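What follows is one structure encoded as structure tokens, with my remarks underneath.
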Amino acid sequence: MEKKIHSFWIFPLLVILLASCTSAKSTDLDKAAKAVENAKKDLDEANRQYAKEVASYRSSVETDLRENKLEIARLKSERLDAKEEALGDRNEKIALIQRTNDELDLRMRQYRGDNKENWKEFKREYANDLNEVDKSLKDLGKDHLK
Numbered sequence: 365m366e367k368k369i370h371s372f373w374i375f376p377l378l379v380i381l382l383a384s385c386t387s388a389k390s391t392d393l394d395k396a397a398k399a400v401e402n403a404k405k406d407l408d409e410a411n412r413q414y415a416k417e418v419a420s421y422r423s424s425v426e427t428d429l430r431e432n433k434l435e436i437a438r439l440k441s442e443r444l445d446a447k448e449e450a451l452g453d454r455n456e457k458i459a460l461i462q463r464t465n466d467e468l469d470l471r472m473r474q475y476r477g478d479n480k481e482n483w484k485e486f487k488r489e490y491a492n493d494l495n496e497v498d499k500s501l502k503d504l505g506k507d508h509l510k
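Just so we're aligned: 381 in the working numbering is position 17 of the sequence shown, and the numbers increase by one with no gaps anywhere.
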């Protein structure tokens with residue numbers, strides 16, 4: 365009889381204990397699920413910002429490349445009174461600048477933006493190369509004034 369009384373009290377205690385453990389695990393699971401959901405939202409937002417940054421930079425670079433093409437065309441069409449040798453050197457410089465500008469255009473169109481670290485490196489190198497083209501165009505434009 366005494367055994368039945370103990371069993372009678374142990375069973376409800378086990379049920380209560382088990383229920384409290386289950387609700388704690390459930391709460392932890394809910395918190396983890398919310399944390400994952402928030403992390404996904406943060407990642408999506410970061411990806412949207414990254415895509416906007418790439419698109420904005422690409423747009424500004426396309427404008428620079430178009431301006432460079434116009435300046436190259438202007439330099440090519442410019443008539444100068446200079447020796448054949450000087451004109452040949454100048455035309456070679458213009459052709460080199462044009463090839464570099466075209467390569468930059470192709471690099472930008474082919475860039476797929478796989479991650480932000482690569483983007484930073486690509487952007488730094490690209491900006492340096494674009495600045496070199498701009499500098500070369502300005503230098504070449506000044507040369508004919510001498």
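Don't be surprised by glycine CBs; every beta carbon is placed ideally from N, CA and C.
Treat the numbers as computed from the prediction; the structure is a model and nothing was measured.
Three-state secondary structure (DSSP) at residue i?
i, result
"Asn479", "coil"
"Arg488", "helix"
"Glu431", "helix"
"Glu449", "helix"
"Arg443", "coil"
"Met365", "Note that Met365 scores 47 on pLDDT, short of 50, meaning its location in the model is unreliable; the coordinates nonetheless yield the value given after this. Met365: coil per DSSP, three-state reduction."
Taking the alpha-carbon positions, what's the residue i to residue j distance?
i, j, result
"Leu509", "Glu449", "Per-residue confidence for Leu509 stands at a pLDDT of 49, beneath the threshold of 50, marking its modelled position as unreliable; the derived number appears in the next sentence. Cα-Cα distance, rounded: 17 angstroms."
"Asp503", "Ile436", "12 angstroms"
"Tyr421", "Arg463", "21 angstroms"
"Trp483", "Arg412", "14 angstroms"
"Asp478", "Leu393", "33 angstroms"
"Glu496", "Val418", "21 angstroms"
"Val425", "Glu401", "36 angstroms"
"Arg473", "Ala396", "41 angstroms"
"Glu409", "Tyr475", "21 angstroms"
"Lys404", "Arg471", "31 angstroms"
"Ala399", "Arg488", "35 angstroms"
"Asn492", "Tyr414", "21 angstroms"
"Asp406", "Thr427", "32 angstroms"
"Leu456", "Lys447", "In the sequence on display, residue 456 carries Glu and not Leu. Rounded to the nearest angstrom, the two C-alpha atoms are 14 angstroms apart."
For residue i, which of the options has the nearest alpha-carbon?
i, options, result
"Phe486", "Leu468, Glu401, Arg438", "Leu468"
"Lys416", "Lys480, Val400, Glu431", "Lys480"
"Ile458", "Leu470, Met472, Glu442", "Glu442"
"Lys506", "Leu460, Arg454, Val425", "Arg454"
"Lys499", "Leu407, Thr427, Asn432", "Asn432"
Report back the beta-carbon spacing between residue i and residue j to the nearest angstrom; my notes put them in contact at under 8 angstroms.
i, j, result
"Asn465", "Leu429", "6 angstroms"
"Leu444", "Leu451", "7 angstroms"
"Ile461", "Leu501", "6 angstroms"
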